[in-house]
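So the protein lines, in turn, are chains D, F, G and L.
For what it's worth, our numbering labels the leading residue of the first sequence as 568, then goes sequentially.
For what it's worth, our numbering labels the leading residue of the second sequence as 568, then goes sequentially.
For what it's worth, our numbering labels the leading residue of the third sequence as 568, then goes sequentially.
For what it's worth, our numbering labels the leading residue of the fourth sequence as 568, then goes sequentially.
In this text, a Cβ means the ideal position worked out from N, Cα and C, and glycines have one as well.
Since this is a predicted model, take the numbers as computed values, not measurements.
Please read the structure below before turning to the comments.
Number of protein chains: 4
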Amino acid sequence: MPATPVTYTFLGPEGTFTEAALMQVPDAGGATRIPASNVNAALDMVRDGSADAAMVPIENSVEGGVTATLDAIAGGQELRIIREVLVPISFVLVARPGVRIDDIRRISTHGHAWAQCRLWVDANIPGAEYVAGSSTAAAAMGLLDGDAHYDAAICAPIVAQEQPGLTVLAENIGDNPGAVTRFILVSRPGALPERTGADKTTVVVPLPEDRPGALMEILDQFATRGVNLSRIESRPTGQYLGHYFFSIDADGHIADARVADALAGLHRISPATRFLGSYGRADAQSSSVAQHTSDEAFRAAHEWVEQILQGE
Amino acid sequence: MPATPVTYTFLGPEGTFTEAALMQVPDAGGATRIPASNVNAALDMVRDGSADAAMVPIENSVEGGVTATLDAIAGGQELRIIREVLVPISFVLVARPGVRIDDIRRISTHGHAWAQCRLWVDANIPGAEYVAGSSTAAAAMGLLDGDAHYDAAICAPIVAQEQPGLTVLAENIGDNPGAVTRFILVSRPGALPERTGADKTTVVVPLPEDRPGALMEILDQFATRGVNLSRIESRPTGQYLGHYFFSIDADGHIADARVADALAGLHRISPATRFLGSYGRADAQSSSVAQHTSDEAFRAAHEWVEQILQGE
Amino acid sequence: MPATPVTYTFLGPEGTFTEAALMQVPDAGGATRIPASNVNAALDMVRDGSADAAMVPIENSVEGGVTATLDAIAGGQELRIIREVLVPISFVLVARPGVRIDDIRRISTHGHAWAQCRLWVDANIPGAEYVAGSSTAAAAMGLLDGDAHYDAAICAPIVAQEQPGLTVLAENIGDNPGAVTRFILVSRPGALPERTGADKTTVVVPLPEDRPGALMEILDQFATRGVNLSRIESRPTGQYLGHYFFSIDADGHIADARVADALAGLHRISPATRFLGSYGRADAQSSSVAQHTSDEAFRAAHEWVEQILQGE
Amino acid sequence: MPATPVTYTFLGPEGTFTEAALMQVPDAGGATRIPASNVNAALDMVRDGSADAAMVPIENSVEGGVTATLDAIAGGQELRIIREVLVPISFVLVARPGVRIDDIRRISTHGHAWAQCRLWVDANIPGAEYVAGSSTAAAAMGLLDGDAHYDAAICAPIVAQEQPGLTVLAENIGDNPGAVTRFILVSRPGALPERTGADKTTVVVPLPEDRPGALMEILDQFATRGVNLSRIESRPTGQYLGHYFFSIDADGHIADARVADALAGLHRISPATRFLGSYGRADAQSSSVAQHTSDEAFRAAHEWVEQILQGE
């Protein structure tokens with residue numbers, strides 16, 4: 568990644584939570600921002616150089632793409648996560664000016680957003696019919712077309728703010744008020760983000776098929792070096808059911824000796840292990856490091872062994 | 568679950584891969600089958616007794632619902648998985664009679680299906696525009712309406728077979744020809760499916776927050792009894808980011824002593840552990856059991872300890 | 568073991584540290600006490616009913632017998648440890664009346680006691696020659712014979728106190744002033760000592776030869792139930808070098824659910840595992856028990872599994 | 568250690584099994600051989616330069632010194648094991664010429680040898696009385712003195728062969744005919760013995776007191792790198808009861824990457840870990856090394872991590 572990317576892509580269209588995530592990146596406001604129609608398209612723009620980095624959802628998203636992102640980044644030409652961003656998930660109900668809640672019969676939004684607002688809809692607009700939208704933003708923008716088959720849309724606050732043609736009929740209509748979701752900024756391999764002391768490292772580890780207990784061996788590489796995991800998911804490789812890889816987030820930066828050592832252990836067990844990046848945690852929470860897994864402990868241990876080997 | 572459920576629900580609408588999965592259940596053909604608009608709705612019909620069981624996607628689905636299913640079944644009133652079903656994922660391109668491939672400008676389908684057919688579409692209908700559909704079947708059925716804004720749909724073969732008003736323009740257009748996906752049949756708690764010797768047990772384990780290394784402790788409950796895991800996923804609880812539960816598929820049936828013992832271990836570590844069912848594997852592959860984790864070894868060990876405690 | 572053993576044996580002769588250990592047993596003062604010439608002889612007296620219990624050294628002894636005890640109790644007819652006793656190791660130098668330190672040329676004691684007083688002897692009686700004794704007490708008593716080939720003996724304070732014919736020339740001459748050693752009281756199998764809350768359980772576990780990683784599996788049975796180990800020793804079985812058994816002391820009583828469960832796990836892995844007893848710790852230090860390994864957690868987990876199995 | 572030590576010491580006196588072990592060292596026949604009165608004395612001769620190397624018992628010995636050796640080598644100025652030797656344990660009964668078995672009333676030998684010949688003595692010389700000897704050889708040689716208080720001795724065959732004044736009355740009188748015991752040759756730190764492919768590494772690891780589960784952590788350092796253990800013993804440190812160190816023999820040489828890495832892990836957990844040597848196994852049995860713990864796997868993993876750190 569160049570020091571200052573000038574072209575960003577993101578899971579579009581404009582007005583989604585993903586764009587809201589991108590806007591948290593310091594220089595994104597003044598950069599070129601290109602919406603992509605799906606996660607693969609966004610990542611491919613980075614791979615082929617059309618964009619410097621892509622913002623895509625990685626967890627719990629209202630607009631899908633989570634497992635798609637896990638799978639897309641696990642294969643193909645290597646990419647690197649260089650930042651994570653948290654976005655509060657807050658939904659608004661929008662319609663064209665003059666429309667009242669009582670007038671609403673059909674509502675469009677992304678399927679996941681619909682699922683997260685069902686309780687509110689059932690309580691406030693009983694009997695409302697769902698119309699599929701490819702994203703929350705697309706559903707909202709569709710209202711501005713003359714031929715929309717629905718009366719209202721559920722979308723992110725960002726859309727309503729930017730579109731004078733839409734009226735907000737209700738705010739915070741999500742069933743889980745404190746919901747937050749996580750996005751990642753993905754770039755081509757290059758210089759690693761600097762260690763901040765509150766970092767996260769993401770790897771993809773194919774499960775060796777020829778050895779029972781391989782999963783425990785994989786996780787033990789982290790445990791034995793005191794490295795905590797904050798996410799683990801087994802994913803079928805897609806080749807055939809039964810072959811798996813693991814997508815794992817671990818605390819710490821590969822520049823931390825305990826993380827580097829754990830990754831070396833993973834590589835031995837599963838040589839096709841893929842490093843997806845070390846980057847600052849969005850919540851900036853550093854985890855405590857025991858003395859015996861500190862960089863200093865690793866350095867001292869290495870020196871001790873070297874001295875023995877040299878017969879000193 | 569009654570011996571013979573008479574009412575099934577499934578993630579609808581009719582014609583989806585989920586209905587194809589349901590049709591593999593022996594008595595489903597003659598039973599009432601009610602499509603549900605989303606996974607939660609399907610599960611709620613089981614919970615409130617409107618249906619005896621629900622078929623929903625659990626892995627790698629083209630129609631989403633995977634993480635939705637994991638989350639929906641992990642909370643709320645308890646449910647039980649009583650069967651798993653594998654369905655080959657094969658896509659067809661359909662249109663109204665008389666439409667040719669060269670005429671197609673806009674294609675509708677579910678977003679996941681679209682992602683899985685992109686290579687074929689790019690190669691064969693370059694420039695085709697995507698129109699979001701709430702499911703593959705809904706996209707196909709929409710073609711029969713007079714006011715569809717698209718010319719073709721991508722859907723499961725089952726739809727085309729049942730709808731004389733649709734023509735199949737191309738078959739097997741998925742980018743991953745051998746794709747298979749997995750569905751589960753969910754019921755209310757009751758008598759367990761009988762042990763077949765090739766079984767799977769699904770549990771949901773909230774991660775205890777107050778103890779470092781808890782994930783390793785959880786997994787060790789399986790490893791120390793020789794129980795293999797075939798799936799593991801960490802999921803945020805939704806309460807706030809950073810709290811997790813694990814959704815785990817383990818080999819074996821709770822009627823196997825090693826599985827029962829592992830589950831007891833999980834319950835001690837995380838008392839809110841939820842048992843989601845023991846059921847026959849769709850692939851009927853039994854895993855070998857070491858002598859020291861056999862039912863006989865557990866029985867002998869239990870007797871040995873009891874004799875000591877009784878001072879014999 | 569009868570409620571009140573009336574005949575004790577111990578690693579003799581009279582006047583050793585082992586007899587001092589036996590005297591700590593509440594009813595030993597008034598009971599018959601028979602010295603045995605070696606550990607095997609003492610244990611055999613218990614096995615054949617000639618004695619109700621035997622006191623023998625188990626750790627760090629000045630008079631040997633440690634590995635002999637480990638091996639003797641690991642094989643043959645089953646025995647049970649019913650108590651452990653700690654004895655401070657304090658040495659005195661004794662001689663016949665009239666003999667002064669400057670007169671001493673040759674000193675007798677047990678080889679281990681000699682090793683533990685070498686610094687004092689080198690500093691205070693330089694050039695003194697060592698004469699082997701079969702025990703500290705035998706060396707001291709030998710001075711009373713007319714034909715002793717040595718001038719002084721190193722022994723336990725207990726001997727000097729009981730023998731008017733011996734004079735103490737120096738006290739506390741051991742090189743390690745705070746030394747303490749551990750003894751065990753061994754009986755035939757019978758009712759277990761009651762749980763005190765500060766207990767210890769001893770087992771002998773033959774290492775299964777046919778499975779790599781068996782040692783870790785064995786130790787994991789304790790670790791996974793939160794049971795600490797206070798001693799572990801690998802011992803060759805004596806059949807041929809390379810076959811091992813492990814002698815292990817674990818915190819807790821077999822009446823503690825976590826210990827019973829760990830022992831059942833050992834029995835599965837190594838069916839010839841031998842239970843050597845649960846008994847109160849000599850230091851009465853109880854170890855803290857995590858909530859998830861408490862008896863209550865085991866009971867609740869067992870009930871939970873049973874309810875599932877019964878389809879409730 | 569110089570390439571060819573010219574002065575050896577051993578646990579004496581001459582004629583013990585330890586000297587028999589020393590005679591197996593290729594150049595020992597022509598070297599100076601100095602008997603030491605105990606293990607500490609032998610090791611101290613090496614430490615102060617009076618000898619180049621010391622042969623001492625390390626396992627299952629008939630003449631004691633095992634735990635003494637473990638403890639003596641664990642503390643004090645650092646020493647290194649450079650070779651291990653196996654010696655078959657075979658006992659003979661010797662007396663002065665003219666003495667017949669029926670004449671024997673009192674027998675002398677080392678206490679451990681006595682324990683190992685008890686069955687034979689009970690069967691063949693019922694009622695024979697035991698006279699303590701400081702070693703088997705000392706007991707035999709004592710017969711040549713005019714004032715011996717016993718009629719016969721149990722000793723190693725080597726003594727009888729070299730002493731024309733002794734007659735062998737019975738051979739192979741040990742109760743365990745296949746007994747073998749193990750000795751080690753100890754030197755000052757210096758160049759390591761070369762890797763043979765069938766090596767053993769010995770370490771002493773103080774148990775960190777401040778962390779529960781430390782023992783499992785220690786053993787896991789070996790297990791996670793596929794390094795088997797052939798011996799483990801917990802030993803009290805002698806400071807006060809309850810503080811322990813572990814004496815461990817592991818398969819492999821510190822020049823093997825998996826062993827070096829495991830030792831580095833030990834050093835981190837317990838910085839006072841002491842390396843006692845890597846040396847060829849007496850039985851020359853090499854253990855198989857899994858691909859993922861080979862030197863090549865370690866090298867490849869290290870390079871992979873380095874490339875990532877350098878942003879390649």
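Could I get the ranges of all uninterrupted beta strand (DSSP E) runs contained in the stretch 707-795 of chain G, with 3 residues as the minimum, in chain order?
Whole beta strand (DSSP E) segments, 3+ residues: 719-722, 734-738, 747-754 and 766-773.
Going along the chain, which residues of the stretch 864-876 of chain F sit with their C-beta nearer than 8 Å to a C-beta in chain G?
Answer in chain order: Ala864, Phe865, Ala867, Ala868, His869, Trp871, Val872, Ile875 and Leu876.
Can you look up Thr599(D) in the DSSP assignment and give me helix, strand or coil?
In this structure, Thr599(D) counts as strand in the three-state DSSP scheme.
Tell me the DSSP bridge mates of Val659(L)?
Cys722(L) and Glu738(L), per the DSSP bridge assignment.
Under a Cβ-count criterion, where at least 16 other Cβ atoms within 10 Å of its own Cβ denotes burial, should His834(G) be classed as buried or exposed?
Classification for His834(G): buried.
Examine chain L for any beta-carbon lying closer than 8 Å to the beta-carbon of Leu796(G), and answer yes or no.
With 8 Å as the cut-off, Leu796(G) counts as an interface residue toward chain L.
Determine the chain L residues that contact Pro724(G) at a beta-carbon separation under 8 Å, and present them in chain order.
Correct list: empty, because the minimum Cβ distance to chain L is about 20 Å.
According to DSSP, simplified to helix, strand and coil, what is Arg835(F)?
Correct three-state label for Arg835(F): helix.
Need the endpoints of the alpha helix (DSSP H) that Val613(F) sits in, please.
First-last of the alpha helix (DSSP H) with Val613(F): Val606 to Arg614.
Give the secondary structure of Asp619(F) by DSSP, where H, G and I count as helix, E and B as strand, and everything else as coil.
Asp619(F): coil per DSSP, three-state reduction.
Check whether the Cβ of Phe813(G) lies closer than 8 Å to any Cβ atom in chain F.
By this cut-off, Phe813(G) is not an interface position.
Looking at chain G, is there any beta carbon in it that lies within less than 8 Å of the beta carbon of Leu752(F)?
Chain G, which has no Cβ nearer than 8 Å to the Cβ of Leu752(F), makes this no.
Just to make sure I have the definition right: I need the residues of chain B whose C-beta is within less than 7 Å of the C-beta of His859(D). Which are they?
No chain B is present in this structure, whose protein chains are D, F, G and L.
Quick one: give me the first and last residue of the alpha helix (DSSP H) that Glu586(D) is part of.
Phe584 to Leu589 is the extent of the alpha helix (DSSP H) around Glu586(D).
Got a sec: is the Cβ-Cβ distance from Ala699(F) to anything in chain D below 8 Å?
By this cut-off, Ala699(F) is an interface position.
The alpha helix (DSSP H) spanning Val872(F) covers which residue range?
Looking at the DSSP string, the run of the alpha helix (DSSP H) that includes Val872(F) is Asp862 to Leu876.
Pull up the distance between the alpha-carbon of Val856(F) and that of Ala868(D), whole angstroms please.
Between Val856(F) and Ala868(D), the C-alpha separation is close to 40 Å.
What would DSSP say about Ile668(L), mapped onto helix, strand or coil?
DSSP places Ile668(L) in helix when its eight states are reduced to three.
Please look up how many angstroms separate the CB atoms of Val735(G) and His716(G), rounded, as I've assumed it's under 8 Å.
Not really, about 21 Å apart at Cβ, beyond 8 Å.
For Leu752(F), which option in Ala682(F), Ala595(F), Gly582(F) and Pro580(F) has the closest C-alpha, if you only look at C-alpha atoms?
The candidate whose alpha carbon is nearest that of Leu752(F) is Ala595(F).
What would DSSP say about Leu830(D), mapped onto helix, strand or coil?
Three-state result, Leu830(D): helix.
Looking at the C-beta of Ala620(G), does it have a partner C-beta in chain F at a distance below 8 Å?
No, no contact with chain F.
Suppose you measure from the CA of Ile674(L) to the CA of Pro744(L); what does that come to, to the nearest Å?
One C-alpha to the other measures close to 20 Å.
Would you call the stretch 825-844 of chain L and the stretch 762-770 of chain L in contact, with 3 or more CB pairs under 8 Å?
As far as the Cβ criterion goes, the stretch 825-844 of chain L touches the stretch 762-770 of chain L, which means the pair count is three or higher.
Quick check on this structure: which residue in Arg755(L), Val747(L) and Ile692(L) has the alpha carbon closest to the alpha carbon of Ile640(L)?
Among Arg755(L), Val747(L) and Ile692(L), the Cα nearest to that of Ile640(L) belongs to Arg755(L).
Under a three-way DSSP split, which group does Ala849(D) fall into?
The answer is coil: DSSP assigns Ala849(D) none of H, G, I, E or B.
Checking contacts by CB at 8 Å: is Ile821(L) closer than that to chain D?
Taking Cβ atoms only, chain D reaches closer than 8 Å to Ile821(L), which makes this a yes.
Check the Cβ of Thr791(D) against every Cβ in chain L and list those closer than 8 Å, keeping chain order.
Within chain L, the residues near Thr791(D) are Glu784, Asp787, Gln788, Thr791 and Gly832.
Quick check on DSSP: helix, strand or coil for Thr574(F)?
DSSP places Thr574(F) in strand when its eight states are reduced to three.
Can you find the residues in the same chain that come closer than 6 Å, C-beta to C-beta, to Ala758(F), ignoring five residues on each side of it along the sequence?
Within the same chain, Ala758(F) has no close Cβ partners at all.
Could you check which residue in Ala609(F), Val652(F) and Val606(F) has the C-alpha nearest to that of Thr748(F)?
Of the listed residues, the one whose Cα sits closest to Thr748(F) is Val652(F).
Give a yes or no on whether the C-beta atoms belonging to Phe584(D) and Pro602(D) are separated by under 8 Å.
No.
Can a CB atom of chain F be found closer than 8 Å to the CB of Pro704(D)?
The displayed chain sequence assigns Ala, not Pro, to residue 704(D). So, not an interface residue.
Can you say whether Gly632(L) is buried or exposed, counting buried as having 16 or more other CB atoms within 10 angstroms of its CB?
For Gly632(L), the pLDDT reaches just 48, beneath the cut-off of 50, and the residue's location in the model is therefore unreliable, although a value from the coordinates is still provided. So Gly632(L) ends up on the buried side.
Just the chain L side, please: which residues come within less than 8 Å of Gly878(D) by C-beta, in chain order?
Result: Pro756, Gly757, Ala758 and Leu759.
CA-CA distance, Gly713(D) and Val794(D)?
Computed Cα separation, rounded: 56 Å.
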